[in-house]
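In my numbering, the protein residues as written are 79 to 376.
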Amino acid sequence: MTEGPELDLTATGPGEAESPALPGGARVWLVPTPVGNLGDITLRALEVLRGADAVACEDTRRTGALLTHLGIRKPLVRLDAHTMHRAPQLLERHARLAYVSDAGTPGISDPGAELVQAAIAADVPVEVLPGATALIPALVLSGLSAGRFAFEGFLPRSGRERRERLEAVAHRAETSVLYESPHRLHATLLDLAGACGPERAASVTRELSKRFEETARGPLADLATHFQEGVRGEIVVVVAGAPATPAPQAADYAAQARDLAAQGLGVRDIRDQLTRLGLRKNDAYALALQATSTGAQD
Numbered sequence: 079m080t081e082g083p084e085l086d087l088t089a090t091g092p093g094e095a096e097s098p099a100l101p102g103g104a105r106v107w108l109v110p111t112p113v114g115n116l117g118d119i120t121l122r123a124l125e126v127l128r129g130a131d132a133v134a135c136e137d138t139r140r141t142g143a144l145l146t147h148l149g150i151r152k153p154l155v156r157l158d159a160h161t162m163h164r165a166p167q168l169l170e171r172h173a174r175l176a177y178v179s180d181a182g183t184p185g186i187s188d189p190g191a192e193l194v195q196a197a198i199a200a201d202v203p204v205e206v207l208p209g210a211t212a213l214i215p216a217l218v219l220s221g222l223s224a225g226r227f228a229f230e231g232f233l234p235r236s237g238r239e240r241r242e243r244l245e246a247v248a249h250r251a252e253t254s255v256l257y258e259s260p261h262r263l264h265a266t267l268l269d270l271a272g273a274c275g276p277e278r279a280a281s282v283t284r285e286l287s288k289r290f291e292e293t294a295r296g297p298l299a300d301l302a303t304h305f306q307e308g309v310r311g312e313i314v315v316v317v318a319g320a321p322a323t324p325a326p327q328a329a330d331y332a333a334q335a336r337d338l339a340a341q342g343l344g345v346r347d348i349r350d351q352l353t354r355l356g357l358r359k360n361d362a363y364a365l366a367l368q369a370t371s372t373g374a375q376d
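As C-alpha cells, then:
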C-alpha cells in the first residue's frame, strides 16, 4: 500500500496496547489514515482503532490490509457512499465505532459526513481525530498563497454545474484547491486554462508521501502539456487566485454594458458580467436594461 519506509508500529503486539485515554460509553471516531506512507499514522489513531468495538470503512479489503500491517484485529463493516444508509443500524450494533475512509480524513471528498449526522441524531458523541489529508500538504507545496483558500473537492464531470464551478475558480481572489482523478487530469487542466487563462499559476501534486511523489508548478497551459500523456496516483491541483484589478468607475460600467450588448448578450448575461466586476446586482440590472434597450433603438 505504500512506497515509502515503514515504521515498526506493532511492538506491543496485536490488540495489546492499553487505551487509558479513551473515554467510556458509546462514541463514534472519524480516524484519518495515511494518504501514502503508512508511517504517517498517528499514535492516537492507533489507540482509537485498538479501542473501538468495530471499524467501519469504505473498502474492507484495503482497510483490512492496513489493520493487518498495524497489528490490529477488529470486525470490519463496509460503510461507503452506497451503504451509508446503514449508519443508524451500525450505531445501534456497535457502541464504539471507528470510521476510516480509504485514505485521508473521512468527510473530506470521502464518505463520513452522513455518519456524523446520524450520530448527532442518535445523540452519540463524535470525535474527529486530526491527521492525514492531501489538500494541505499540496497547498503548501504549491508555493502559492495559502493565507486564504477555497477547497473545491472534485469538479462535476460535465454540464452547467462544471462550467459554473470553473468560472468560480477563475474569478475567485483566493487560491483554489481541487482533487482530480488521473484519467481526467489533462481535460481538467485544459478546462481550467480556458476559464482562468493559460498563464494562471498553478501546481499539480501527486503520490503524496510516496516514493514517486511529484509536484509540478507553472502556468496552467504548461501543466496541461506536461500531463497530457496521463499519470498515476492521487492528484491535487492548486490554482492561484485571480489577479487584483482596479475597480471600474461608474462610467466604465455603463460602457462595459454597452459593449456587451453590442456583442449580442442579453440582459441577464450583462447583469452577471457587471456583478462579477463588483457592481451591485440592482445597479447592474438597470445598466443592462439601459444598454439593451438603447441597442434595440439604434
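C-beta atoms are modelled at their ideal positions from N, C-alpha and C, and glycine is treated no differently.
- Three or more Cβ pairs drawn from the stretch 105-123 and the stretch 174-188 lie within less than 8 angstroms of each other, which places the two stretches in contact.
- Ranked by how close their Cα comes to the Cα of ASP158, the residues ILE150, LEU168 and LYS152 have LEU168 in first place.
- When secondary structure is reduced to three states using DSSP, SER220 falls in the helix class.
- Contact between LEU338 and LEU298 does not hold, since their C-beta atoms are separated by about 26 angstroms, which reaches or exceeds 8 angstroms.
- As computed with DSSP, CYS135 is found in a beta bridge with ARG156 and VAL178.
- Under DSSP, ALA228 shares a beta bridge with SER254.
- Contact between the stretch 289-305 and the stretch 341-356 is not established, with fewer than three Cβ pairs separated by less than 8 angstroms.
- 9 angstroms or more divides the Cβ of PRO166 from the Cβ of ASP131.
- If you keep only unbroken beta strand (DSSP E) runs of at least 3 residues inside the stretch 257-322, you get 279-284, 292-297 and 313-317.
- The criterion of a C-beta distance shorter than 9 angstroms is satisfied by ALA212 and GLU312.
- The C-beta distance from GLU125 to LEU144 rounds to 15 angstroms, too long to fall under 8 angstroms, and the pair is not in contact.
- Taking all protein chains in view, the Cβ of ALA200 is surrounded by fewer than 16 other Cβ atoms within 10 Å, so the residue is classified as exposed.
- Note on geometry: alpha-carbon atoms of PRO203 and ALA197 lie some 7 angstroms from one another.
- Nearest to THR283 by C-alpha distance, out of PRO276, GLU258 and LEU116, is GLU258.
- Taking 8 angstroms as the upper bound for CB-CB distance, THR253 and LEU286 are not in contact here, some 17 angstroms apart.
- DSSP places LEU108 in the uninterrupted beta strand (DSSP E) bounded by 105-108.
- The beta carbons of ALA271 and ARG278 sit closer together than 9 angstroms.
- With a beta-carbon spacing of about 12 angstroms, TYR177 and ALA123 fall beyond the 8 angstroms limit used to define contacts.
- In this chain, VAL126 is not harboured by any beta strand (DSSP E); it is covered by the alpha helix (DSSP H) spanning 121-129.
- Cβ contact annotation for ILE348 (same chain, cutoff 8 angstroms, sequence separation greater than five): ALA335, LEU338, ALA339, ALA362, LEU365, ALA366, ALA369 and THR370, in chain order.
- Within the DSSP bridge table, the entry for GLU245 names no partner.
- Looking at ARG174, ALA191, HIS160 and THR120, the one whose alpha-carbon comes closest to that of ASP137 is HIS160.
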